[in-house]
Every structure is written in structure tokens, then in C-alpha cells.
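Please read the structure below before turning to the comments.
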Amino acid sequence: MSVRAKDNARDPLLSRPVKRTPLEAAEAARRRMDDPAYRVEVDRRRGRGAAANPSGRYEPAQREAFDDGWEIDEELPTLPTEVIVEKARTIITTNDSPDILFEKSINPYRGCEHGCSYCFARPTHAYQGLSSGLDFETKIFAKPNAAELLEKELRGSKYQPAPIALGSNTDPYQPVERRFRITRSILEVLNRMNHPVAIVTKSALVTRDIDILGPMAQRQLAKVAISVTTLDPKLARRMEPRAATPAKRLETIRRLTEAGIPVTVLVAPIIPAINDHEIEAILKDCAEAGAGEAGYVLLRLPHDLKDLMRDWLVDHYPDKLNHVFTLLQEARGGKDYDANWSTRQSGVGPYAWMLGRRFETTCERLGLNKRNLRLRTDLFKVPPKETGQLSLF
54 MSVRAKDNAR DPLLSRPVKR TPLEAAEAAR RRMDDPAYRV EVDRRRGRGA
104 AANPSGRYEP AQREAFDDGW EIDEELPTLP TEVIVEKART IITTNDSPDI
154 LFEKSINPYR GCEHGCSYCF ARPTHAYQGL SSGLDFETKI FAKPNAAELL
204 EKELRGSKYQ PAPIALGSNT DPYQPVERRF RITRSILEVL NRMNHPVAIV
254 TKSALVTRDI DILGPMAQRQ LAKVAISVTT LDPKLARRME PRAATPAKRL
304 ETIRRLTEAG IPVTVLVAPI IPAINDHEIE AILKDCAEAG AGEAGYVLLR
354 LPHDLKDLMR DWLVDHYPDK LNHVFTLLQE ARGGKDYDAN WSTRQSGVGP
404 YAWMLGRRFE TTCERLGLNK RNLRLRTDLF KVPPKETGQL SLF
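So for the sequence shown, my numbering puts the first residue at 54; every next one is plus one.
Structural data, given as C-alpha cells:
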């Protein structure tokens, strides 16, 4: 079996705008996963989240298999993680979406080795000419000059301080951070300048930086949000193969809280018929561990992520595939995804309404969200540059 390129422009299935029912889309997903050129063998992707590595949506061709007549079974190696050093020119990204609680963010890495099957950031790898599937979790772009760029931008004469979010796109504490320490170098700059930071992660590695985050939290300059998607370790292993276990995340919440660092729990994403039954249990365990605030997000499937998620369901929960997308389309106005700012986080309709009421009622009962901690910006101060020259006086 060999693989050749196929012109996307000549493929009527890719060029024809068709609205499919959940059943039709499910059947298309099953056919895709039967295609040896599409589906990556289990042994090769062990420990990875995506089941396939489709061509990027901006690429002019896609891969297809054909019989080359040799009938030779190819033994291909497992997929290693490749880190590509990126020489970034700017580091602070600004945001104007009204449903996002921050206006500035930093992403030390592109791609994420955690391999979360549902990650809404997967389609961004298409901008690098790569796949949203296995490329996203095996080809990681690192920005080792992030701290240097950050200090330069904070020293700008027109800079106005506002909380910077770390982890708004990909996890700042994914496994490669142990080696590169880019996130820690960013925190060192922010700490030195008394600049507020809000972190989103599902990694226990954040506790490594308690020595920085603890003192910052005392000055009301730091808070951490821990994403807890499930309490079931088997489900977590399937959804988030290289992220911390649920038990480890609860321990992380305890350790951060004990260090005086405010913690928010994010039940995100909520996947219909997969983890939606766990909302109350997750909030209860996280509140007992010390979390003071909570939020949730209904599964978001922009661009080709909707097909990747179907592939994942075919692989792990084929009997639930139709049910998941029927409920999801009910909450998305009949579509797989609706990017409307006012509803993209929570959805619409009876199912979405029920999720919202369950979340709000549980938070009220557990005493979560009684206060919303606002980080301070008035302490921001740019220290003088170290020139290496001693003063005369």
C-alpha cells in the first residue's frame, strides 16, 4: 500500500457545501476511519489523542492510499515529538472578543503535546501548513526568546498594563516546558515588573513555579485556572493522553491554594453524552481541594476539528457518535459549531439551558464564585535597565 497526493480542487466532496445530518456525518466518519491512508495505526500513535493526520485545510492536495501491487506490510516507527524553535518577532497578542475575559495573552508554544482530542486550538496548525490532527501534538513550535521580547514590549512608552493570560490557546506547562522553561522565564519578567498574570493549564508542572506565583499572588498579581474535564482516569487517558491525571490536577489545586494562589476550576469542555454527567462531581471535588471560582465551556468545534472529533468518537465511543452530535447540534442552532460571540461558550436551546442551570445551582451550593478576584495593575513598574556601569555617587 502506498500513498499519493490528490488535488483538493477536483474533489467534489470537499468543494461541495453540504449540510449533513448527524447520521450522514457519522457514516462519513466511519468511512474515513476505514481508509488506511487516513487513519494512523494504533501502535504508531500510542499515547496520542488524534486518530488521524489529515492534510491542512489550506493545503492544495490531500493524501489517498492506493494498492501498489507489492502487498508488503510497512512497519513504520512511532510518532516522536519534534520541537521547532520559532524566532518570534512579537509576543503579546491582543484580543477584542467580548466573551473573553482578557485583552492580552502570550502563547509560549504553538501546538500541544497533551494531545487533547477536543482542543479548539488544533486548527491553528493549518497556518503552519500542518495538520490539525497528529501534527498538532507531535510538531511543537517553541519561542525561546519570549521573555526577551516581553521585557522589550513592557518597556514601551505607550504600553498600558492589563492582566496577561498564559495558556489561552495552548498549554504553557505542556511537557516540553520542562526542558525549555519558557513559561518560567516569562513569569520572572512579569514578577520583576509587578505585572498581573492569569494562567490556564491542566498540568501539574505549574506547581514548579509556586516560588514565583506565591509572592505574586500576595500582591494580587497572579491567579491560576485548572482545567478538569473528568474525574474518570480511563476517559482522561483517552481524551487527554499526555495531560496530568484527574487526581494529579486535584492535588495541584490543593498545593496552589495552600501557597495562597487563587484557583479557578474550568469544567471545559463539556462534551454531550461523554462527560456532561460529571459537572456536579467535578465542582464538588475541586471546591473541596480549594478552588474558589469556576467556569465551564460547551465543546467548541471550529473548522476541521468537527471531523477530528467524529474520528475520535468512532475510535473510542462509536455507539455514542450520533447521540453526541445530535445534542451538540441542538445546542448550536442546528450546526456542529456556531462562532457567535454571545453563545459560542455556552450554546443555545434546552440542552444548553439545562447545563447552565446545573452549573449555576452547584456553584451556589458549594459557595463557588462568591467573589471575582480582580488582579491589580496599579503596581506595574518598569525597573531601570541594567547597563553594567556603576554610579558615580
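Every residue, glycine too, gets a C-beta built ideally from N, C-alpha and C. Given the structure is predicted, the values throughout are model-derived calculations rather than measurements.
Under the rule that a run must span 3 or more residues, the beta strand (DSSP E) segments found entirely inside the segment 146-227 read 157-159, 192-195 and 217-219. In the structure shown, tyrosine 404 falls within a helical segment according to DSSP collapsed to helix, strand and coil. Excluding the 5 residues flanking it on each side, alanine 296 has same chain C-beta neighbours closer than 6 Å at His167 and Lys255, in chain order.
Bounds of the alpha helix (DSSP H) holding serine 238 are 235-245. For glutamate 135, the enclosing beta strand (DSSP E) covers residues 135-138. Within its own chain, the residues whose Cβ lies closer than 6 Å to the Cβ of isoleucine 252, once the five positions on either side in sequence are excluded, are Leu219, Gly220 and Val277, listed in chain order. Restricting attention to Cys416, Trp365 and Pro436, the CA atom closest to the CA of alanine 79 is found in Trp365. For leucine 419 against isoleucine 323, the beta-carbon gap comes to about 17 Å, at or over 8 Å, which does not count as contact. The beta carbon of aspartate 262 sits closer than 7 Å to the beta carbons of Arg237 and Leu240 from its chain, once the five residues preceding and following it are set aside; these are given in chain order. Counting C-beta atoms within 10 angstroms of its own C-beta, glutamate 341 has fewer than 16 neighbours from the protein chains shown and is therefore classed as exposed. About 16 Å separates the CB atoms of alanine 347 and isoleucine 314; that is not less than 8 Å, and the two are not in contact. A direct Cα-Cα distance of roughly 16 Å separates arginine 99 from lysine 192. By the C-beta criterion, the segment 257-272 is judged to be in contact with the segment 213-233, since at least 3 inter-stretch pairs fall below 8 Å. Between the C-alpha atoms of cysteine 339 and tyrosine 349 there is a straight-line separation of about 13 Å.
Nearest in C-alpha terms to asparagine 222, of all of Thr298, Arg307 and Thr147, is Thr147. Scanning its chain for C-beta atoms nearer than 8 Å, with the 5 sequence neighbours on each side dropped, one finds around alanine 321 the residues Ser280, Thr282, Gly348, Tyr349 and Val350, in chain order.
Collapsing the DSSP output to three states places glycine 386 in coil. Assignment of glutamate 346 by DSSP, reduced to helix, strand and coil, places it in the strand class.
A residue is called buried once 16 or more other Cβ atoms fall within 10 Å of its Cβ, and tyrosine 404 is buried on that count. Of Asn393, Glu135, Arg429 and Arg363, the smallest CA-CA separation from arginine 84 is found for Arg363. Following the DSSP letters along the chain, one finds proline 355 in no alpha helix (DSSP H), marked with neither H nor E. Bounds of the beta strand (DSSP E) holding isoleucine 279 are 275-280. Between the alpha carbons of proline 437 and asparagine 247 lies a distance of about 14 Å. A check of alpha carbon separations from isoleucine 217 across Arg427, Gly102, Ser158 and Arg411 identifies Ser158 as the nearest. For threonine 254, the secondary structure class from DSSP, reduced to helix, strand or coil, is strand. 8 Å or more divides the Cβ of isoleucine 137 from the Cβ of glutamate 206. Each of Pro294, Thr74 and Asp149 was checked against the Cα of cysteine 165, and the nearest Cα belongs to Pro294. Rounded to whole angstroms, the separation of the alpha carbons of leucine 361 and arginine 291 is 14 Å. Between the C-alpha atoms of arginine 307 and aspartate 368 there is a straight-line separation of about 35 Å. Distance between aspartate 357 and threonine 414, taken at the CA atoms: about 34 Å.
Scanning its chain for C-beta atoms nearer than 8 Å, with the 5 sequence neighbours on each side dropped, one finds around leucine 303 the residues Val281, Asp338, Cys339 and Ala342, in chain order. Glutamate 204 and valine 250 do not touch by the CB rule: their CB atoms are close to 14 Å apart, not below 8 Å. In the three-state DSSP reduction, leucine 426 falls in the coil class, being neither helix nor strand.
By the criterion of a C-beta distance shorter than 8 Å, histidine 178 is surrounded in its chain by Gly109, Arg163, Gly164, Ser184, Ser185, Asp188, Phe189 and Lys192, once the five residues flanking it on both sides are discounted. Comparing alpha carbon positions, the residue from Lys287, Pro107, Ala215 and Thr317 closest to leucine 426 is Thr317. Under the three-state reduction of DSSP, proline 299 is assigned to helix.
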